[in-house]
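*Asks:*
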Amino acid sequence: ADTLGAAAAEKGRYFGAAVAANHLGESPYTTTLDREFNSVTPENEMKWDAVEPSRGTFLFSRADQIVDHARSKGMKVRGHTLVWHSQLPSWVSGLGASELRSAMNNHITQVMTHYKGRIHSWDVVNEAFQDGGSGARRNSPFQTKVGNGFIEEAFRTARAADPNAKLCYNDYNTDGVNAKSNAVYAMVKDFTSRGVPIDCVGFQSHFNPNSPVPSDYRANLQRFADLGVDVQITELDIEGSGQAQATDYGNVTKACLAVTRCTGITVWGIPDKYSWRSSGTPLLFDDNYNKKPAYDAVLSAL
Ligand code: XIL
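Okay, so the sequence shown: first residue is 644 according to our numbering, each after it adds one.
(1) Which word fits Asp869, buried or exposed, when buried means at least 16 other C-beta atoms lie within 10 angstroms of its C-beta?
(2) Smallest Cα separation from Asn681: which of Ile709, Gly668, Pro696?
(3) Drop a sphere of 10 angstroms on the beta-carbon of Lys935, count the other beta-carbons inside from all chains shown, and report buried for 16 or more, exposed for fewer.
(4) Does the ligand XIL have even one heavy atom less than 7 Å from the beta-carbon of His728?
(5) Name the two residues that bound the continuous alpha helix (DSSP H) containing Trp691.
(6) Since Tyr812 sits in a beta bridge, which residues does DSSP pair it with?
(7) Report the CB separation of Val662 from Val694 in whole angstroms; it is logged as a contact under 8 Å.
(8) Rounded to whole angstroms, how far is the Cβ of Gly923 from the Cβ of Glu882, which I believe are closer than 8 Å?
(9) The alpha helix (DSSP H) spanning Lys832 covers which residue range?
(10) Please report the distance separating the alpha-carbon of Phe658 from that of Gln847.
(11) Return the chain-ordered list of same chain residues with a C-beta closer than 6 Å to the C-beta of Pro685, the five sequence neighbours on each side being excluded.
(12) Cα separation between Ala829 and Val872?
(13) By a C-beta neighbour count over all protein chains shown, 10 Å radius and 16 as the cutoff for buried, is Thr817 buried or exposed?
(14) First and last residue of the beta strand (DSSP E) that includes Pro671?
(15) Would you say Val895 and Leu647 are within 8 Å of each other, going by their C-beta atoms?
(16) My understanding is that Ile841 touches Ile876, with C-beta atoms under 8 Å, so please give their C-beta distance in whole angstroms.
(17) What are the boundary residues of the alpha helix (DSSP H) that Gln786 is part of?
(18) Just mark Thr675 as buried or exposed, buried being the case when its beta carbon has 16 or more other beta carbons within 10 Å.
(19) Rounded to a whole number of angstroms, what is the C-alpha to C-alpha distance between Gly838 and Thr752?
(20) Compute the Euclidean distance between the alpha carbons of Trp911 and Leu926, then round it to the nearest angstrom.
(21) Would you check whether the ligand XIL has a heavy atom nearer than 7 Å to the C-beta of His723?
(22) Could you name the residues of the same chain whose beta carbon sits closer than 6 Å to that of Asn851, not counting the 5 residues immediately before and after it, in chain order?
(23) Let me check understanding here. Comparing Cα to Cα, which of Pro732, Cys843, Tyr917, Arg802 lies closest to Asp692?
(24) Which two residues bound the contiguous alpha helix (DSSP H) that contains Phe928?
What follows is the structure in structure tokens.
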């Protein structure tokens, strides 16, 4: 196959990109998206501040643009994200414990119901663990007010809202074996042993010279898969250029393919100029939508 999506599909995987609604009118952007990818993740349009900017007022039009475009082209959609400490409106962080808990459950239910049947996997909870060696939960309104049980409660609410969507926990700096990924691993193991609904773990995989592709990346994906959940590479980007960047991209792709339950890869943007890493060149296409060496490495690894 000669596109990322078609090559991944031959291996039983999807290959996706993060998409911003405001670029869909740019013809080379949409041409590249439609040609190369078979899954999309809205980059910001499904976040809490975008879909429920004030309590009980849901605005889905920007996210709908992406979902409608994707589905009209036969692409699948990843939902990102329901419960996260960032891009969270201040009205949420201002609530007391019991109101926050009901606002969280209502948010999950309303958003998942709106997209019911149209999302293959949802990032139900994003980035709930701290960096560093503690393995502790991150300080957030959900953690401090609802408490340790907020993640479990979010997943149970999500399962009831759309029983056919895969429910994922998603995080960064969990790509190799380390204290943070050990803490996520312990949570997933606990959930699966107690029947808390969880189907997948997302590994954001934002790599740069300070945080390179770990040598035990494949082994880490595999140990999560061995718990009985799918794994997905959800926000891949790798700072760099040329052959070094290409080699890293090829290795990440091979790591996913080596793990039977690694069901797909999403890159966090299409051309370098629209990366959230404003000064970098971490993606597969240059600013003129030319394929970079990293693109060729991914395609030949698939
Ligand atoms: C980023 C977006 O790419 C930016 O446009 C936005 O300003 C901030 O968020 N982890 C995540 C993503 O889960 O939602 C983040 O996306 C990148 C880090």
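Glycine included, C-beta positions come from ideal geometry on N, C-alpha and C.
*Replies:* Let me spell this out:
(1) exposed
(2) Ile709
(3) buried
(4) no
(5) 691-694
(6) Val768, Val844
(7) Wrong, their Cβ atoms sit about 16 Å apart, outside the cutoff.
(8) 5 Å
(9) 822-837
(10) 14 Å
(11) Ala706, Ile709
(12) 13 Å
(13) buried
(14) Looking at the DSSP string, Pro671 is not in any beta strand (DSSP E); the run it does join, the alpha helix (DSSP H), is 670-679.
(15) no
(16) Not quite, the Cβ-Cβ distance comes to about 17 Å (not below 8 Å), so this is no contact.
(17) Unbroken run through Gln786: none, as it is neither H nor E.
(18) buried
(19) 20 Å
(20) 8 Å
(21) yes
(22) Glu882
(23) Pro732
(24) Premise fails: Phe928 is in no alpha helix (DSSP H) and is neither H nor E.
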